[in-house]
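Scroll down for the structure; my scribbles are underneath it.
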Amino acid sequence: MSEEIFEKKASFFDKWAPNYDLIFTTIFYQSLHKRLLSYLSLPHPSSVLDLGCGTGRLLNRLAKNFPELKGIGVDLSPQMLKEARETNWHHPRLIFTQGNAECLPFATKQFDAVFNTISFLHYPNPQQVFKEVSRV
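Just so it is clear: in the sequence shown, position 135 is 1345 by my numbering, and no numbers are missing.
Below is the structure:
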């Protein structure tokens, strides 16, 4: 992702961050996450990545349902990450970091699962993101 596109996307989501959960979590994400959790099976313990984690709601729900889970949330927006850190109910099992989905700073096969809740549509080079997801 070019630096200019990265900065524009980050700025866009920085503006949404303070009110993001008021709008989307209660309307859409809550039911989506509940459905995902009803189908999900993970090894114990497990290590997961939430790509485009936003305010961290999915990782918090995963950590609540999987007590041995360790997770990393990656997002491009500093303000979304600030919100995620402030509502991180499971620190230190969950950490949130800024990153680029096209070049993830993680080891090969580091995660048991990678999650992504609709942020994929914001990636200008989805094939590269798929390669990175497959790698980690």
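Every residue gets a Cβ at the ideal spot worked out from N, C-alpha and C, and that includes glycine. Note that the coordinates shown come from a computational prediction; the quantities given were computed from them, not determined experimentally.
Whole angstroms are fine: how far does the CA of Ile-1282 sit from the CA of Ile-1305? By 1-based counting over the sequence shown, the position of residue 1305 is 95. By 1-based counting over the sequence shown, the position of residue 1282 is 72. Between Ile-1305 and Ile-1282, the C-alpha separation is close to 5 Å.
Please classify Leu-1331 as buried or exposed, where buried requires at least 16 neighbouring CB atoms within 10 angstroms. As a position in the sequence shown, residue 1331 is number 121, starting the count at 1. Its Cβ having fewer than 16 others within 10 Å, Leu-1331 is exposed.
Tell me the DSSP secondary structure of Val-1339 in three-state form. Start at 1 with the first residue of the sequence shown, and residue 1339 comes out as number 129. In the structure shown, Val-1339 sits in a helix (DSSP, three-state: H, G or I).
Which residues bound the alpha helix (DSSP H) around Lys-1280? Taking the first residue of the sequence shown as position 1, residue 1280 is located at position 70. Unbroken run through Lys-1280 is the beta strand (DSSP E), 1280 to 1285; no alpha helix (DSSP H).
Proximal residues to Val-1346 (C-beta, below 8 Å), its chain only, five neighbours per side dropped: Here residue 1346 is taken as the residue at index 136 of the sequence shown, counted from 1. Cβ neighbours of Val-1346 beyond the five flanking positions: Leu-1259, Leu-1314, Phe-1316, Ala-1317, Thr-1318, Lys-1319, Gln-1320, Phe-1321, Val-1324.
Excluding the 5 residues preceding and the 5 following Pro-1253 in the sequence, name in chain order all residues of the same chain whose CB lies nearer than 7 Å to its CB. Locating residue 1253 in the sequence shown gives position 43, where the first residue counts as 1. Correct list, in chain order: Asp-1322.
Compare the C-alpha of His-1300 against each of Gln-1338, Lys-1341, Lys-1274, Ser-1329 and name the closest. As a position in the sequence shown, residue 1300 is number 90, starting the count at 1. His-1300 has its Cα closest to that of Lys-1274, out of Gln-1338, Lys-1341, Lys-1274, Ser-1329.
Is the Cβ-Cβ distance between Gly-1309 and Val-1284 less than 7 Å? Reading the sequence shown from its first residue, position 99 is the one you call residue 1309. Reading the sequence shown from its first residue, position 74 is the one you call residue 1284. In this structure, Val-1284 lies closer than 7 Å to Gly-1309 by Cβ.
Please go through the same chain and pick out, in chain order, the residues whose beta-carbon is closer than 7 Å to the beta-carbon of Leu-1247, but skip the five residues on each side of it. Here residue 1247 corresponds to residue number 37 of the sequence shown, with the count starting at 1. Excluding positions up to five away in sequence, the list reads Arg-1271, Asn-1275.
For Ser-1251 and Leu-1279, I'd like the C-alpha separation in whole angstroms. Locating residue 1251 in the sequence shown gives position 41, counting from the first residue. Locating residue 1279 in the sequence shown gives position 69, counting from the first residue. Per the coordinates, the alpha-carbon of Ser-1251 lies some 12 Å from the alpha-carbon of Leu-1279.
At the level of alpha carbons, what is the spacing between Met-1211 and Asn-1335? One-based indexing of the sequence shown puts residue 1211 at position 1. One-based indexing of the sequence shown puts residue 1335 at position 125. Residue placement at Met-1211 cannot be trusted, given a pLDDT of 46 that sits under 50; what the coordinates show is reported in the next sentence. Taken atom to atom, the span from the alpha-carbon of Met-1211 to that of Asn-1335 is near 7 Å.
Can you tell me the Cα-Cα spacing of Arg-1295 and Pro-1302, whole angstroms? Counting from 1 along the sequence shown, the entry for residue 1295 is found at position 85. Counting from 1 along the sequence shown, the entry for residue 1302 is found at position 92. The straight-line gap from Cα to Cα measures roughly 11 Å.
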